[in-house]
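There are 2 protein chains.
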Amino acid sequence: MVRLPLTPAELERGQRLGALLRRARGERSMLGTALDAGVSPETLRKIESGRVATPAFPTIAAIADVLGLSLDAVWAEINRADAAAPARSAHEHHAGERLAL
Amino acid sequence: MVRLPLTPAELERGQRLGALLRRARGERSMLGTALDAGVSPETLRKIESGRVATPAFPTIAAIADVLGLSLDAVWAEINRADAAAPARSAHEHHAGERLAL
DNA sequence: CATGACACCGATTGTAGTACCGGGGATAAC
DNA sequence: GTTATCCCCGGTACTACAATCGGTGTCATG
């Protein structure tokens, strides 16, 4: 394979990521949030709607920064319900447990 | 534009990200680290060598997880020397200051 | 010397992220 | 009715990532 299609588990994690960001945005406008984060409003909308499952690290970091979210907390949260679905490697042994800051 | 080419600032940030990860890996083998994180060894090598400037959020999160790194600390660190280079939006006002958990 | 394991590199392939362009709907103000 | 703002959506375009396949070099071991 050259670029593995996203697994169902990754797609669901993308959904949780989007829902988390939308919740954290609260009353703020999507447009202003996107501009403050330095990303396109369409990009933010696609991430929030879960249509972009694995966004770039700087993109999520910038958005989390604007929303006052901890990246570690975000990562831990969206992996909460992911235990039963092995990602792509048989080496997967314990993901989401070394999050202490 | 449709998909802006990476800016020099983003490329340099990618270099810092790679250097940081390589430093954090220490004596551990690149192969084992990549497999533990569930990513391809080539992918980890490209990230560490700075040839992939904006990796996916889950990719960096998985690697940081294996290395015991805080994502917030990583993001803050690689943005340290980035103040003089405006990213892509004039809205950029203060990046890397809301990292408290 | 040969073998194996590890790191590095160049080239290639295919999917996916980012962003722009319209258009649509809903609300509120003038 | 018009204007404005905000959110949502489908389609499109271009770049970048993720991964595989060879090949090269090194170092340790047999």
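Residue numbers (full-length UniProt numbering), protein chains in the order written: chain C, 1 to 101; chain A, 1 to 101. We put the beta carbon where it would ideally sit given N, CA and C, even for glycine.
With DSSP as the reference, label residue i as helix, strand or coil.
i: Glu10(C); result: helix
i: Leu71(A); result: helix
i: His93(A); result: Bear in mind that the predicted position of His93(A) carries a pLDDT of just 43, short of 50, making it unreliable; the figure below should be weighed with that in mind. Coil.
i: Ala53(C); result: coil
i: Val66(C); result: helix
i: Leu4(A); result: coil
i: Gly32(C); result: helix
i: Gly18(A); result: helix
i: Arg23(A); result: helix
i: Arg45(A); result: helix
Out of the options, point me to the one whose CA is closest to residue i's CA.
i: Ala76(A); options: Arg51(C), Lys46(C), Arg28(C), Leu71(C); result: Leu71(C)
i: Pro55(A); options: Leu67(A), Leu17(A), Thr33(A); result: Leu17(A)
i: Leu6(C); options: Pro58(A), Arg22(A), Ala53(A); result: Pro58(A)
i: Ser29(C); options: Asn79(C), Val66(C), Arg80(C), Ala9(C); result: Val66(C)
i: Leu11(A); options: Ala61(A), Gly68(A), Arg51(A), Arg3(A); result: Arg51(A)
i: Arg25(A); options: Ala61(A), Gly68(A), Lys46(A); result: Gly68(A)
Can you round the beta-carbon distance between residue i and residue j to whole angstroms, since I take them to be within the 8 Å contact cut?
i: Gly14(A); j: Ala64(A); result: That belief does not hold up - the Cβ atoms of Gly14(A) and Ala64(A) are roughly 15 Å apart, past 8 Å.
i: Leu20(A); j: Ile78(A); result: 6 Å
Hey, residue i and residue j: beta-carbon distance below 7 Å or not?
i: Arg22(A); j: Glu48(A); result: yes
| query | For the 8 Å Cβ check, are there 3 or more pairs between the stretch 33-44 of chain A and the stretch 23-40 of chain C? | reply | Verdict: no, contact absent.
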